[in-house]
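Take 427 as the starting number for the sequence shown in the numbering used here and just add one per residue.
Have a look at the structure below, then the notes.
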Amino acid sequence: NLGELALQLMFIYILINFFSFSLTFINNFIYNSMSKKIDEKIIGKYFNGLLNKPNMAIESYEIGELLTNLSNVILIRQRFLTYLQLLPISVLTITGSFYLLYLSDEKLSFFVILLVIVLSLIIYLSDSHYEKLSKELIETGQDFNDSVIDTFTNVSIIKQLGLEKEFGNRGKKKLTNYIISRTKMLNFDSILNQIKSFVLSSFNIILFSTGVYLITLNQLSSGVLLTFNALLAYVTNPILNLANLQSVLVQGKVAQEKLYNILESQIVLYGNKSLVIENDDIFINFDLVSYDYDSNSKILKDISINICGNNIALSGTNGVGKSTIGKLIARLYIPDSGSIEINGQNLIDISEESVSKNIIYVDGRESLFSSSVSDNIKLGRNIKDKDIYDTLSKLKANSIFQNLDFENISDKQLSLGQMQIIKVLRATLSAKNIYIFDEITNGLDECVKQNVVDYLFGLKGMKIFITHDKEVISKCEKEYTVKDMKIVRRR
427 NLGELALQLM FIYILINFFS FSLTFINNFI YNSMSKKIDE KIIGKYFNGL
477 LNKPNMAIES YEIGELLTNL SNVILIRQRF LTYLQLLPIS VLTITGSFYL
527 LYLSDEKLSF FVILLVIVLS LIIYLSDSHY EKLSKELIET GQDFNDSVID
577 TFTNVSIIKQ LGLEKEFGNR GKKKLTNYII SRTKMLNFDS ILNQIKSFVL
627 SSFNIILFST GVYLITLNQL SSGVLLTFNA LLAYVTNPIL NLANLQSVLV
677 QGKVAQEKLY NILESQIVLY GNKSLVIEND DIFINFDLVS YDYDSNSKIL
727 KDISINICGN NIALSGTNGV GKSTIGKLIA RLYIPDSGSI EINGQNLIDI
777 SEESVSKNII YVDGRESLFS SSVSDNIKLG RNIKDKDIYD TLSKLKANSI
827 FQNLDFENIS DKQLSLGQMQ IIKVLRATLS AKNIYIFDEI TNGLDECVKQ
877 NVVDYLFGLK GMKIFITHDK EVISKCEKEY TVKDMKIVRR R
């Protein structure tokens, strides 16, 4: 009898191990193929979805907030993989193993149900605190990212004013808060996992003790108890693994909600019409246009004016709203009230594709991408090197790029003047109908500036120069100035 029992147990253990190996092998195969597809879908949805939002929507968020939310995609990914793969496999394993346990002994199987109930209760009671800690962790991480970006974007002025200690302390405080939040999460997670492990070990002790007690009463054989014990791990281990994933699942849920708040917010719904410009006569009409950045800082109020011409200057003192007007024309911003029409067509009714095809706003103060000169000019577009060099010749700017390798020189090795030429190149290599140049002559040598201005004036279409440069203003055929929240024709 003992020999037969040993053979039966050996056969059961081998069968269980083979079953476990098969499930693990299939699980790994499915994981590799599924994770790649999920990565592509999630990254495409979140990253591209963010870039497809209107410019003014993106500008309303801090860079640190966007970075934090995008970096949390990995938590969302884990959550999806758990629900789509690990959960079904674990449920299948638990169900199959529990069925075998039930066939072995109905009374002992009751303890497994009790274990599931206790662990579910622990998860339910701790879920709200996990969510609170997850939100705190994401918020402190966002604050730290904002602090790092602000500090190293302005590192020159910080050093010149001798404020290294001050900003070092600010960064240290933000990092400390983030570490404290992470430590709270890890400690709570560790305590909860210990509680779950304690529940499981207590369950095993009670189960085994009950089994021994039933053997003494001749209500259970030792073989059944050993078989039950062999199968038990294939029920309890998946249950514990799922329970211990609670932290990841809750963090993924919070991260997903925060990212959804960004991606699902609707600023405005544009039309699908095409902007029709049949000849070189372009006129822009502002009809009672108002715009403010928030309720306390109205910058433009009830503007009504018609702008037309080929080369137009937009002047005014700092902070009066010149750049805002340029961005409104390029539909990077949307008026709070009123409308803007181009050749009688309301900009709101025009599709995104048609606006980008016809209008471009070039900011002379924006940074270049951290890549080569060539990449900064082409930006993934099908632009030939010959066209770049031909345009450089028209700009008479070959000399300032002399001996520069466009493929290997990065933006950090360029002067301000060289960066401005690159912005002009990438904006004008694809023809538009309306160009808006915002302080584009800043940083250019006098000789180079004249050549650049002559080149820009020679482009077809309407050119609007937002500038303080008196020479550029004097060359323009018309000048409009922004003052007291209005646009006024000066000449």
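Every residue gets a Cβ at the ideal spot worked out from N, C-alpha and C, and that includes glycine.
Source: prediction; values computed, not measured.
Excluding sequence positions up to five before and after glutamate 562, its CB lies within less than 7 Å of the CB of Ser607, all in the same chain and listed in chain order. Judged by their CB atoms, isoleucine 729 and glycine 770 are not nearer to each other than the 9 Å cut-off. Annotation note: the stretch 504-583 contains the following uninterrupted alpha helix (DSSP H) runs of length 4 or greater, listed N- to C-terminal: 513-530 and 532-579. Note on geometry: alpha-carbon atoms of serine 749 and isoleucine 755 lie some 10 Å from one another. Straight-line measurement puts the Cα of asparagine 655 at about 13 Å from the Cα of serine 627. In this structure valine 581 is exposed. Its beta-carbon is surrounded by fewer than 16 other beta-carbon atoms within 10 angstroms. Membership of cysteine 873 in the alpha helix (DSSP H) is indicated by the continuous run 872-883.
The C-beta of lysine 820 has fewer than 16 other C-beta atoms within 10 Å across all chains shown, which makes the residue exposed.
Counting the other CB atoms within 10 Å of its CB gives threonine 662 a total of 16 or more, which places it among the buried residues. Membership of valine 680 in the alpha helix (DSSP H) is indicated by the continuous run 672-689. For aspartate 801, the three-state secondary structure derived from DSSP is helix. Valine 625 is positioned such that its CB atom lies closer than 9 Å to that of valine 544. Annotation: leucine 714 to alanine 681 spans about 41 Å, alpha carbon to alpha carbon. In the three-state reduction of the DSSP assignment, methionine 888 falls in the strand class. In the displayed model, arginine 852 falls within a helix according to three-state DSSP. By the C-beta density criterion, glutamine 672 is buried, having at least 16 other C-beta atoms within 10 angstroms. Here the stretch 731-745 lies against the stretch 895-910, with 3 or more beta-carbon pairs under 8 Å apart. Taking each of Leu618, Glu491 and Thr653 in turn and checking the Cα distance to histidine 555, the smallest one comes out for Leu618.
Under DSSP, aspartate 864 forms a beta bridge with Asp789 and Ile892.
Annotation: the continuous beta strand (DSSP E) that includes asparagine 711 extends over 709-718.
In chain order, Thr566, Gly567 and Phe570 place their CB closer than 6 Å to the CB of tyrosine 604, counting only its own chain and leaving out the 5 sequence neighbours on each side. With distances taken between CA atoms, asparagine 474 lies nearest to Val499 out of Ile862, Lys462 and Val499. Bounds of the beta strand (DSSP E) holding asparagine 732 are 724-734. Under DSSP, glutamine 771 takes part in a beta bridge, and its partners are Ile768.
Between leucine 510 and isoleucine 464, the C-beta gap is smaller than 9 Å, which places the two residues in contact. The way I'd put it, the stretch 839-846 does touch the stretch 862-877; three or more beta-carbon pairs between them come closer than 8 Å. Taking 9 Å as the cut-off, the Cβ atoms of isoleucine 710 and methionine 888 count as close. The alpha carbon of isoleucine 632 has as its nearest neighbour, out of Phe536, Tyr550, Gly697 and Ile548, the alpha carbon of Phe536.
Taking a cut-off of 8 Å for Cβ pairs, the stretch 777-797 and the stretch 851-862 touch, as three or more such pairs fall below it. Distance from the CA of phenylalanine 437 to the CA of isoleucine 502, rounded to the nearest whole angstrom, comes to 42 Å. Across the set Leu601, Ser635 and Phe883, the C-alpha of Phe883 shows the shortest separation from the C-alpha of asparagine 736.
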